[in-house]
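S.K.:
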Amino acid sequence: MYGKINEDILGELKSIAGDNNVITSPEEVCIYANDEYVCEPAGCQPEVVIRPGKVEEVSAILKLASEHRLPVTPRGGGTGLAGGCVPVYGGLVLSLQRMNKFLELDRKNQVAVVEAGLTLGEFITQVEKQGFYFPPHPGDEGAMFGGMIATNAGGSRAVKYGVIRNYIKGLEVVLADGQVIHPGGKLIKNSSGYNLVNLFIGSEGTIGVITRAIVQVMGRPTFLRTMVIPFNGIEQAIDNVPLIFDRGILPMAVEFAGLDVLRLTEEHLHLNWPTHSGDMHLMIIVDA
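For the sequence shown, my numbering assigns the number 23 to the initial residue and increments by one for each residue that follows.
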């Protein structure tokens, strides 16, 4: 069904990305065979990991893989929990970790332009340093933008601010045959034609490799408060969430946690929660 990587193909890959960016040793390759949840299944270790440094290299790699029917698995930070970056048929893992530049902050349009390998943590540092704010916040700041877009990540702030789909205005994507396309742009409202940007968001790398993104940012909130409210059980906690919205309050985040979770976080984060009186707790963050 799929082709295998031979010495000739390996030589071509090295000529595209450089010898140091083509990984074949089992000790190093195995690192790319899982994510934060999926342990390496038998027979799914990639044959080769390649780390391109620019879009032209990604294009050449995918064109070569297409010609030889090689399975390709794009990979970002490997912080996901759904197995999207885990190779199912071996083949080639395409790691975007070297394409990690923060390219531009356009203040007039309130958008940033980033490469797919930029981590969430570095992005937050860059935009907040310049007085802006990026609402989506998946649990791991080591997540990379290409992976966050490919999985439509969101995090706890999705209650108020939505998921990453709501903040991606344009993309650079390399298709399976090596063609590079640029759907979308810096416009806030774009009603022309099909929304190809949304097609790639949440696609898990199945229809193209995301190499660059135009990301909407916003002004930073000046007010932020966190509340912890105890309840006698999970049903009572959940039943009270709609009452918050009924009062016209739109929290940034609403999470629930049991008493055991609170005690574990106190132990590992060296903090003290203000209450331990319930079996279940709502943690609510509001901002303005």
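Quick reminder that beta carbons are idealized off the backbone N, C-alpha and C, glycines included. These numbers come from a predicted model, not from an experiment.
With distances taken between CB atoms, is the gap from residue 118 to residue 40 smaller than 8 Å?
M.R.: Your numbering for residue 118 matches position 96 in the sequence shown. Your numbering for residue 40 matches position 18 in the sequence shown. No. Outside cutoff.
S.K.: Compare the C-alpha of residue 55 against each of 188, 97, 291 and 147 and name the closest.
M.R.: Reading the sequence shown from its first residue, position 33 is the one you call residue 55. The option with the nearest alpha carbon to residue 55 is 97.
S.K.: Report the residue from 27, 237 and 298 whose alpha carbon sits nearest the alpha carbon of residue 189.
M.R.: Within the sequence shown, the letter at position 167 stands for residue 189. Residue 237 is the option with its Cα nearest to residue 189.
S.K.: Enumerate, from N- to C-terminal direction, the unbroken beta strand (DSSP E) stretches of 3 or more residues contained entirely within the region 97 to 179.
M.R.: List check, beta strand (DSSP E) in window: 114 to 117, 124 to 128 and 133 to 137.
S.K.: Could you give the DSSP three-state label for residue 64: helix, strand or coil?
M.R.: Your numbering for residue 64 matches position 42 in the sequence shown. No answer about residue 64 holds up, because its pLDDT of 49 lies below 50 and its placement is not dependable.
S.K.: For residue 300, which of helix, strand or coil comes out of DSSP?
M.R.: For the purposes of this step, residue 300 is taken as residue 278 along the sequence shown, with counting starting at 1. Residue state, collapsed to three classes: coil.
S.K.: Would you call the region 65 to 77 and the region 32 to 46 in contact, with 3 or more CB pairs under 8 Å?
M.R.: Cβ pair count under 8 Å is three or more, so yes.
S.K.: Between the Cα of residue 307 and the Cα atoms of 219, 283, 157 and 298, which residue gives the shortest distance?
M.R.: As a working mapping, residue 307 is identified with position 285 in the sequence shown. Ranking 219, 283, 157 and 298 by Cα distance to residue 307 puts 157 first.
S.K.: If I follow the unbroken beta strand (DSSP E) through residue 269, where does it start and stop?
M.R.: Against the sequence shown, residue 269 aligns to sequence position 247. Element bounds for residue 269: n/a, residue is neither H nor E.
S.K.: Starting from residue 82, follow the alpha helix (DSSP H) in both directions and report where the run begins and ends.
M.R.: Numbered from its first residue, the sequence shown carries residue 82 at position 60. Unbroken alpha helix (DSSP H) run through residue 82: 77 to 89.
S.K.: Alpha carbon to alpha carbon, how far is residue 296 from residue 48? Give it in angstroms, no decimals.
M.R.: Sequence index remark: in the sequence shown, residue 48 carries index 26 (1-based). Sequence index remark: in the sequence shown, residue 296 carries index 274 (1-based). Approximately 49 Å between the Cα atoms of the pair.
S.K.: Looking at residue 208 and residue 184, is the spacing between their C-beta atoms short of 8 Å?
M.R.: Translated into positions along the sequence shown, residue 184 becomes position 162. Translated into positions along the sequence shown, residue 208 becomes position 186. Contact: no.
S.K.: Who are residue 203's beta bridge partners in DSSP?
M.R.: In the sequence shown, residue 203 corresponds to position 181, counting from 1. Answer is 195, bridged to residue 203.
S.K.: Could you give the first and the last residue of the continuous alpha helix (DSSP H) run that contains residue 251?
M.R.: Sequence index remark: in the sequence shown, residue 251 carries index 229 (1-based). Counting along the chain, residue 251 falls outside any alpha helix (DSSP H), though it belongs to the beta strand (DSSP E) covering 246 to 253.
S.K.: For the alpha helix (DSSP H) containing residue 39, name the first residue and the last one.
M.R.: In the sequence shown, counting from the first residue as 1, residue 39 sits at position 17. Segment 29 to 39, the alpha helix (DSSP H) holding residue 39.
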